[in-house]
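Read the structure below first, then the notes.
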Ligand code: XMP
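Numbering (full-length UniProt numbering), first residue to last: 205 to 523.
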């Protein structure tokens, strides 16, 4: 794509002009936006960029390790993974309120990130994968009615608190353009086509109190579900798909025994921008097969249901 190649070269020059010999840090999650921003900045300034991946223990199966392997081995990018899962989970244990979960996670994320930034001697700039729609949204929000359904932007207070200037190379781009730029930078399709994943991660897919055990059960069910979606060739058609572990136990039979285990809800939606969404109309064979696999393979789940709510009136996430 010639225009994206030109944009890439132009942005690399802009980043060099802005940063000079300064140091930049970036919170890398493995999502498309932070990944593309990090690669572009890395191309511009190499080792002046340090990336930090905070593993809050709320990521999906193997997710943190996959991100680390990709960025370190394929790009030789300066990336530190911090396993902060005990710190996050111990503070979230038993927490059931969605907004409290988000606030606790946001606060801890900032704490951990600040500590890690201090360990590498601080930085002059903070990199963010802000997109054009984020820029517009924050403008219209400040002028419009302040109705917050969910407090989304978990690290919103970071730049002010850390007194750093922002490097935001994707500010002029829409999501589809970021994907083209990612391809241009050699980012593998498995990263470019990734479904969105919320900052608070599995915590908001575990309604009722959070426990380590529930997170483990959820992670396994979610991995099987996504595996079936990929095998069926549906991953790229669906905007976002995930499992939710309900805080409800039901009676079942397995072999010659009675079981009393959790219910797992499956969610899948199509959408253009996440603002509205339709539930995905799977065929029943797919759902039946996936449910059977989850119940057979995941200890702790004995019933699976499918969420047929669109947005509005539902939201995509359950919390
Ligand atoms: P909802 O559930 O509001 O989600 O329909 C719309 C999109 O936003 C994601 N989402 C979040 N992303 N922090 C995030 O970074 C959050 O707290 C959060 N809550 C929802 C959701 O996964 C979907 O893509």
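Heads up, the beta-carbon is just placed ideally off N, CA and C, and yes, glycines get one too.
Residue environment, residue i, which counts as buried when at least 16 other CB atoms sit within 10 Å
{"i": "residue 211", "result": "buried"}
{"i": "residue 462", "result": "exposed"}
{"i": "residue 494", "result": "buried"}
{"i": "residue 500", "result": "exposed"}
{"i": "residue 282", "result": "buried"}
{"i": "residue 350", "result": "At residue 350 the pLDDT is 42, less than 50, meaning the model places this residue with poor confidence; the figure from the coordinates comes in the next sentence. Exposed is the call here."}
{"i": "residue 237", "result": "buried"}
{"i": "residue 486", "result": "buried"}
{"i": "residue 278", "result": "exposed"}
{"i": "residue 435", "result": "exposed"}
{"i": "residue 347", "result": "Unreliable positioning characterises residue 347 in this predicted model, as indicated by a pLDDT of 42, which lies under 50. A coordinate reading is not provided."}
{"i": "residue 376", "result": "exposed"}
{"i": "residue 325", "result": "exposed"}
{"i": "residue 471", "result": "buried"}
{"i": "residue 503", "result": "exposed"}
{"i": "residue 249", "result": "buried"}
{"i": "residue 455", "result": "exposed"}
{"i": "residue 259", "result": "buried"}
{"i": "residue 305", "result": "buried"}
{"i": "residue 413", "result": "exposed"}
{"i": "residue 532", "result": "In this structure the chain extends from 205 to 523, so residue 532 is not present and cannot be described."}
{"i": "residue 234", "result": "buried"}
{"i": "residue 512", "result": "exposed"}
{"i": "residue 508", "result": "buried"}
{"i": "residue 280", "result": "exposed"}
{"i": "residue 224", "result": "exposed"}
{"i": "residue 195", "result": "An answer regarding residue 195 cannot be provided, because it is not within the stretch 205 to 523 covered by the chain."}
beta-carbon residue i near the ligand XMP non-hydrogen atom, thresh 7 angstroms
{"i": "residue 444", "result": "yes"}
{"i": "residue 515", "result": "yes"}
{"i": "residue 341", "result": "no"}
{"i": "residue 519", "result": "yes"}
{"i": "residue 337", "result": "no"}
{"i": "residue 408", "result": "yes"}
{"i": "residue 411", "result": "no"}
{"i": "residue 478", "result": "yes"}
{"i": "residue 306", "result": "yes"}
{"i": "residue 403", "result": "yes"}
{"i": "residue 451", "result": "no"}
{"i": "residue 373", "result": "no"}
{"i": "residue 485", "result": "no"}
{"i": "residue 392", "result": "no"}
Bridge-paired residues (DSSP) for residue i
{"i": "residue 510", "result": "470"}
{"i": "residue 330", "result": "229, 370"}
{"i": "residue 292", "result": "Residue 292 is not bridged to any residue."}
{"i": "residue 482", "result": "474"}
{"i": "residue 505", "result": "466"}
{"i": "residue 297", "result": "414"}
{"i": "residue 515", "result": "481"}
First through last residue of the beta strand (DSSP E) which encompasses residue i
{"i": "residue 305", "result": "Looking at the DSSP string, residue 305 is not in any beta strand (DSSP E); the run it does join, the alpha helix (DSSP H), is 302 to 323."}
{"i": "residue 284", "result": "283 to 287"}
{"i": "residue 219", "result": "Segment 206 to 223 is the alpha helix (DSSP H) holding residue 219; no beta strand (DSSP E) there."}
{"i": "residue 259", "result": "253 to 259"}
Residue i: first and last residue of the uninterrupted alpha helix (DSSP H) it sits in
{"i": "residue 239", "result": "236 to 249"}
{"i": "residue 269", "result": "267 to 273"}
{"i": "residue 496", "result": "488 to 501"}
{"i": "residue 395", "result": "393 to 396"}
{"i": "residue 276", "result": "Counting along the chain, residue 276 falls outside any alpha helix (DSSP H), and DSSP gives it neither H nor E."}
{"i": "residue 383", "result": "379 to 388"}
Contained alpha helix (DSSP H) runs [length at least 4] in the segment 409 to 466, N- to C-terminal order: The segment 409 to 466 contains these whole alpha helix (DSSP H) runs: 416 to 435.
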